[in-house]
Amino acid sequence: MAPISKVLSSLLLPLSAMAAAIPGIPVAPQEVPAGAITGAADFLAKGFSAMLNSESTERVSNSYIVVYNNTFDDDTINFRQTEVMNHIKRRNIGKRGLDGRQLSTEVHALAMNGWRAMTLESDDDMILEIMNEPEVAWVEANARVKLSASVAQMNAPPGLNRLSNAQPGNGNYVFDTTGGEGVTVYVVDTGIRTDHSEFQGRATFGVNTVDNVDNDQNGHGSHVAGTICGQTFGVAKSANVVAVKVLDGTGAGSNAGVLDGLQFIINDVQQKNLRGKAVMNMSLGGPQSAAVNRAVQALFDAGVVPVVAAGNENQDAANTSPASAPQAITVGAIDASNDQKASFSNFGADVDIFAPGVDVLSVGITSNTATDTLSGTSMASPHVAGLAAYLIALENINTPEAVASRLTELATASGAQVRGNTPGTTNLIANNGQL
Numbered sequence: 282m283a284p285i286s287k288v289l290s291s292l293l294l295p296l297s298a299m300a301a302a303i304p305g306i307p308v309a310p311q312e313v314p315a316g317a318i319t320g321a322a323d324f325l326a327k328g329f330s331a332m333l334n335s336e337s338t339e340r341v342s343n344s345y346i347v348v349y350n351n352t353f354d355d356d357t358i359n360f361r362q363t364e365v366m367n368h369i370k371r372r373n374i375g376k377r378g379l380d381g382r383q384l385s386t387e388v389h390a391l392a393m394n395g396w397r398a399m400t401l402e403s404d405d406d407m408i409l410e411i412m413n414e415p416e417v418a419w420v421e422a423n424a425r426v427k428l429s430a431s432v433a434q435m436n437a438p439p440g441l442n443r444l445s446n447a448q449p450g451n452g453n454y455v456f457d458t459t460g461g462e463g464v465t466v467y468v469v470d471t472g473i474r475t476d477h478s479e480f481q482g483r484a485t486f487g488v489n490t491v492d493n494v495d496n497d498q499n500g501h502g503s504h505v506a507g508t509i510c511g512q513t514f515g516v517a518k519s520a521n522v523v524a525v526k527v528l529d530g531t532g533a534g535s536n537a538g539v540l541d542g543l544q545f546i547i548n549d550v551q552q553k554n555l556r557g558k559a560v561m562n563m564s565l566g567g568p569q570s571a572a573v574n575r576a577v578q579a580l581f582d583a584g585v586v587p588v589v590a591a592g593n594e595n596q597d598a599a600n601t602s603p604a605s606a607p608q609a610i611t612v613g614a615i616d617a618s619n620d621q622k623a624s625f626s627n628f629g630a631d632v633d634i635f636a637p638g639v640d641v642l643s644v645g646i647t648s649n650t651a652t653d654t655l656s657g658t659s660m661a662s663p664h665v666a667g668l669a670a671y672l673i674a675l676e677n678i679n680t681p682e683a684v685a686s687r688l689t690e691l692a693t694a695s696g697a698q699v700r701g702n703t704p705g706t707t708n709l710i711a712n713n714g715q716l
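Below, the structure is given as structure tokens:
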């Protein structure tokens with residue numbers, strides 16, 4: 282995994298931190314994201330807005346993520362959240378946002394392994410009141426997220442054999458049939474066509490945080506799930522997958538919906554005692570988000586292996602989330618035919634490993650036997666998520682740290698190196714050790 286010092290350079294200081302310079306306003310120690318401005322005078326002198334991601338072009342108007350300072354106890358935070366919920370229910374009735382939408386009266390409370398937050402829609406006055414509460418660590422503008430964009434090419438060959446060979450284009454996919462058995466992989470995406478023959482009953486619906494249609498109307502999530510555990514196309518052919526639908530049929534969603542999806546995963550892992558037997562794949566991205574990155578840490582702390590796509594903008598992955606999350610295993614894409622870095626793949630110190638992401642054949646959604654061929658870091662990430670599930674079952678590895686270490690060890694032992702890579706980026710290529 283990448284170092285803990287992954288920089289959140291675009292983040293700004295919460296307004297509550299300015300209270301230190303104003304007499305009479307109580308101040309508590311703040312859980313401020315790295316890279317934030319750390320002095321009220323400096324903050325004011327630079328004239329920055331007192332909200333994270335407030336200038337993002339992907340911002341969702343009047344929609345916010347409120348993160349609480351973890352130095353306050355649950356009773357205090359619960360009291361504050363109840364106050365906000367009651368205010369929002371009254372104030373948002375009949376009120377419209379800047380984009381003309383009716384503001385929601387719902388507030389979604391998040392509690393992930395000690396991390397507390399909530400998502401809501403609000404007018405300017407209300408959010409300023411919330412930002413000044415001493416219990417609030419920071420407020421972040423909600424932002425749109427989307428698929429790590431992919432393109433299709435029909436009749437292209439699968440790239441599974443790359444995971445069990447030291448060189449591209451050599452031999453077959455060699456694997457242990459018990460790999461992935463007893464492991465659950467949560468697919469945070471557009472949903473999954475659970476009745477597809479590739480899944481043999483091992484795919485189930487979990488939650489939908491984005492719309493009123495639980496099925497996969499896009500195909501992206503089903504394709505990803507097929508690479509993870511499909512009978513033909515999957516890395517871990519005995520693993521289970523759960524659909525965590527946070528993107529709609531167009532491949533669009535928001536960080537607020539993503540956070541609700543991650544909350545479901547933590548609850549499900551705890552209820553089913555899956556700690557050490559769970560992996561999450563997130564093949565999506567948006568602007569850098571301190572809240573999303575912190576939620577990924579909560580998953581990691583809860584014993585879930587978080588695997589994410591690096592993104593397809595051919596830019597530094599540090600600029601995006603969840604790719605910049607320190608605890609995430611961030612996956613870049615190569616062409617399995619020659620180990621060249623895919624031209625679209627993001628790069629940088631936050632990328633931990635590469636996997637096949639060009640012309641990947643997997644599940645389609647037009648029928649329960651359909652196939653599709655897609656390219657993107659969206660397709661590379663599930664190779665590694667599947668490999669994580671495979672290793673957890675095969676080698677009885679039960680912590681995210683150990684899984685990340687083993688992935689690095691096997692990739693290093695293979696001797697394979699990414700070709701044409703960007704300086705400052707790892708050259709490791711995922712491998713299952715069956716050389």
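Using the numbering used here, the first residue of the sequence shown is number 282, and each one after it goes up by one.
Glycine included, every Cβ here is placed at the ideal spot set by N, Cα and C.
Which of helix, strand or coil does DSSP assign to residue i?
i      : result
PRO704 : coil
PHE628 : strand
MET332 : coil
LYS622 : strand
ILE615 : strand
HIS477 : coil
GLU421 : strand
GLY316 : The predicted model places GLY316 with a pLDDT of 37, which falls under 50 and marks its position as unreliable; any figure quoted below should be read in that light. Coil, per DSSP.
LEU409 : helix
Between residue i and residue j, how many whole angstroms is the CB-CB distance? I'm expecting something under 8 Å.
i      : j      : result
ILE610 : VAL588 : 5 Å
PRO568 : SER337 : 5 Å
LEU540 : ILE346 : 7 Å
ASN343 : LEU379 : 6 Å
PRO663 : VAL505 : 5 Å
Return the CA-CA distance between residue i and residue j, expressed in angstroms with no decimal places.
i      : j      : result
GLY638 : ASN351 : 39 Å
PHE635 : TYR467 : 20 Å
GLY557 : HIS501 : 27 Å
VAL525 : TRP419 : 26 Å
ASN373 : LEU409 : 15 Å
ASP470 : VAL560 : 14 Å
GLN512 : LEU675 : 17 Å
ASN562 : ASN359 : 30 Å
THR658 : VAL464 : 23 Å
GLY584 : ALA669 : 13 Å
ARG483 : ALA520 : 7 Å
GLY507 : ALA571 : 30 Å
ALA683 : ASP582 : 13 Å
LEU555 : ALA685 : 18 Å
ALA599 : LEU565 : 14 Å
GLN552 : SER478 : 28 Å
ALA537 : VAL516 : 31 Å
SER290 : ASP476 : Below a pLDDT of 50, predicted positions are generally treated as unreliable, and SER290, at 27, falls in that range; the measurement from the model is reported next regardless. Near 43 Å, if we compare the C-alpha coordinates of ASP476 and SER290.
CYS510 : ALA617 : 19 Å
GLY592 : ALA604 : 7 Å
Is it the case that the Cβ atoms of residue i and residue j are separated by a distance below 8 Å?
i      : j      : result
PHE628 : THR689 : no
ALA579 : ASN394 : yes
GLN621 : GLY701 : yes
SER626 : GLY613 : yes
VAL699 : ARG474 : no
TYR349 : ALA424 : no
VAL388 : GLY534 : no
LEU655 : VAL641 : yes
GLY542 : VAL527 : yes
Let me check one thing: in DSSP terms, what residues is residue i bridge-paired to?
i      : result
PRO568 : THR601
ASP470 : LYS526
ARG397 : ALA392
So, is the C-beta of residue i closer than 8 Å to a C-beta in chain D?
i      : result
ILE369 : Among the chains in the structure shown there is no chain D, since it carries only a single protein chain.
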